[in-house]
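First the structure, in the form of structure tokens, and then the observations on it.
Protein chains: 2
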Amino acid sequence: GPLKEVLFFPTAITCVEHLYTPDPRINSPCPCPCPLPHGLETSFTRLLRHLLSAAASLDLCVFAFSSQELGRAVLLLQGRGVAVRVLTDRDYMRITGSQIGALRSAGICVRHEMGAVHMHHKFAVVDGRRLITGSLNWTLTAIQSNKENILVTEEPDLVLPFIGEFQQLWDANDPA
Amino acid sequence: GPLKEVLFFPTAITCVEHLYTPDPRINSPCPCPCPLPHGLETSFTRLLRHLLSAAASLDLCVFAFSSQELGRAVLLLQGRGVAVRVLTDRDYMRITGSQIGALRSAGICVRHEMGAVHMHHKFAVVDGRRLITGSLNWTLTAIQSNKENILVTEEPDLVLPFIGEFQQLWDANDPA
Ligand SMILES: [Zn+2]
Ligand SMILES: [Zn+2]
Numbered sequence: 017g018p019l020k021e022v023l024f025f026p027t028a029i030t031c032v033e034h035l036y037t038p039d040p041r042i043n044s045p046c047p048c049p050c051p052l053p054h055g056l057e058t059s060f061t062r063l064l065r066h067l068l069s070a071a072a073s074l075d076l077c078v079f080a081f082s083s084q085e086l087g088r089a090v091l092l093l094q095g096r097g098v099a100v101r102v103l104t105d106r107d108y109m110r111i112t113g114s115q116i117g118a119l120r121s122a123g124i125c126v127r128h129e130m131g132a133v134h135m136h137h138k139f140a141v142v143d144g145r146r147l148i149t150g151s152l153n154w155t156l157t158a159i160q161s162n163k164e165n166i167l168v169t170e171e172p173d174l175v176l177p178f179i180g181e182f183q184q185l186w187d188a189n190d191p192a
Numbered sequence: 017g018p019l020k021e022v023l024f025f026p027t028a029i030t031c032v033e034h035l036y037t038p039d040p041r042i043n044s045p046c047p048c049p050c051p052l053p054h055g056l057e058t059s060f061t062r063l064l065r066h067l068l069s070a071a072a073s074l075d076l077c078v079f080a081f082s083s084q085e086l087g088r089a090v091l092l093l094q095g096r097g098v099a100v101r102v103l104t105d106r107d108y109m110r111i112t113g114s115q116i117g118a119l120r121s122a123g124i125c126v127r128h129e130m131g132a133v134h135m136h137h138k139f140a141v142v143d144g145r146r147l148i149t150g151s152l153n154w155t156l157t158a159i160q161s162n163k164e165n166i167l168v169t170e171e172p173d174l175v176l177p178f179i180g181e182f183q184q185l186w187d188a189n190d191p192a
């Protein structure tokens, strides 16, 4: 059947450098000098792999976004030509370490909830096909401290409603 | 295939009285006098139906729980003899309108995260078989105002990891 995976957090903290440059031809032959554990698969490396698998599009709808590593992943996708759209909460756009400014500076289209309510979703759709959703906000506390879950699936019955929700919220919050 | 359903919030506010007494033999023949719209199916009535379908057990793991309607549903299940276990966040146990005290008074076993971190999950497992999970906390604001999602599934690949997570957190937070 279609992809179904559940990830729980907090995650162990390991080196993820290799995920950003997965092509061995452009990897340095020298081992990474950082002090973190290397070569381990964790909930966070799984999440990063799913995100970095994007070849055509990434639609991201997330209440709070301050994780530097996840910001780096989104910027990397943008640099590869992936069409990135980000929907976020108005009040949480300016939290400490928010990545939203950096995304906008890089030319990524960001919209925020324009009503008086909170946009409390935490989901992403990769290539219009792979849904990543759960309780996890894109913050370091969520990843490294909280008890959180993420569910990843390509089951159309679950993915398609989220694609529809994203498009509806995207259209509803057009600032133009 | 197994049940798969996605619900989005905020929900329309409608009468849900009929869901608590679904047996027509014990329903009053008089129509409900309340001023809310009647006879409509919404994301919230769907959520209530899934919860109230519990015949044997309800395992609930939720960061914030202050919705009176959801508290009423859990108390109703307890009264029917359903084995209810509730795991919640320590800091959010005492939010305004928290239902946790009422659940404990009714004899429901409640445990809270005992570490320094937040228990940020928002999921329930009905009868060890049906998973309800998403961004939605069990609060009136989440239900009636926020942009939120809930996913309901009986897909074993998705349900079983959550059952394992619940049991692990339940055991880890045993106050005894
Ligand atoms: Zn390293
Ligand atoms: Zn009524």
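One line per chain: the protein sequences are A and B, in this order. The numbering of the first sequence is the numbering used here, which starts it at 17 and goes up by one. The numbering of the second sequence is the numbering used here, which starts it at 17 and goes up by one. Here a beta-carbon is modelled for each residue, glycine too, at the ideal position from N, C-alpha and C. None of the values given here were measured: they were computed from a predicted structure.
- For Leu35(A), the closest C-alpha among the options Arg110(A), Leu86(A), Pro191(A) is that of Leu86(A).
- In this structure, Cys46(A) has its beta carbon at no less than 7 Å from each heavy atom of ligand 1.
- Bridge partners of Leu174(A) according to DSSP: none are assigned.
- A Cβ-Cβ separation of about 6 Å places Leu19(B) in contact with Thr169(B) under the 8 Å criterion.
- Per DSSP, reduced to three states, the secondary structure at Val90(A) is helical.
- Secondary-structure assignment with DSSP links Thr169(A) through a beta bridge to Lys20(A), Leu147(A).
- Taking a C-beta distance under 8 Å as the contact criterion, Lys163(B) and Glu129(A) qualify as a contact pair.
- Under the three-state reduction of DSSP output, His34(A) falls in the helix class.
- Non-local beta-carbon contacts of Leu174(B) in its own chain, meaning distances under 7 Å to residues more than five positions away in sequence, involve Leu147 in chain order.
- His136(B) places its beta carbon less than 8 Å from that of Ala158(A).
- Taking 7 Å as the cut-off, one finds no heavy atom of ligand 2 near enough to the beta carbon of Leu56(B).
- In chain A, no part has a C-beta under 7 Å from the C-beta of Phe81(B); the shortest such distance is about 14 Å.
- Residues Cys48, Cys50, Leu52, Pro53, His54 of the same chain have their beta carbon placed closer than 7 Å to that of Cys31(B), with the five preceding and five following residues left out of the count.
- For the pair Arg145(A) and Ala118(B), the Cα-to-Cα distance works out to about 43 Å.
- With respect to Val141(A), Ile179(A) sits close: the two C-beta atoms are nearer than 8 Å.
- Against Phe24(B), the close residues of chain A are Glu181, in the order they occur along the chain (beta-carbon pairs closer than 7 Å).
- With a threshold of 7 Å, the Cβ atom of Leu35(A) does not count as near ligand 1, since no heavy atom of the ligand is closer than that.
- The Cβ of Thr149(A) sits closer than 8 Å to at least one Cβ of chain B.
- From the listed residues Asp187(B), Phe182(B), Gly97(B), the smallest Cα separation to Phe24(A) is found for Phe182(B).
- Gln184(B) has its alpha-carbon roughly 11 Å from the corresponding atom of Leu103(B).
- According to the DSSP assignment, Phe60(A) belongs to the alpha helix (DSSP H) that extends over 59 to 68.
- Taking the CA atoms as reference points, Gly97(A) sits about 20 Å from Glu33(A).
- Between the C-alpha atoms of Asp190(A) and Gln94(A) there is a straight-line separation of about 21 Å.
- Within the same chain, Leu64, Leu67, Leu68 come within 7 Å of Ala89(A) by CB-CB distance, once the 5 residues on both sides are set aside.
- Within the DSSP secondary-structure output, Leu74(A) pairs in a beta bridge with Val100(A), Val142(A).
- Contact check for Leu76(B) against Arg101(B) passes: the beta carbons are separated by less than 8 Å.
- Pairing Ser59(B) with Thr155(B) gives a Cβ-Cβ distance that is not under 8 Å.
- With the criterion set as a beta carbon lying under 8 Å from some beta carbon of chain B, the members of the region 163 to 179 of chain A are Lys163, Glu164, Asn165, Leu167, Thr169, Glu171, Asp173, Leu174, Pro177, Phe178, in sequence order.
- For Cys50(B), the distance from the CB to the nearest heavy atom of ligand 2 is below 7 Å.
- With respect to the C-alpha of Gly131(A), the residue from Val78(B), Ala122(B), Ala99(B), Ser161(B) having the closest C-alpha is Ser161(B).
- Interface annotation, Ala122(B): not in contact with chain A, CB-CB separation never under 8 Å.
- Taking the Cα positions, Thr27(A) is about 9 Å away from Thr61(A).
- Assignment of Glu181(A) by DSSP, reduced to helix, strand and coil, places it in the helix class.
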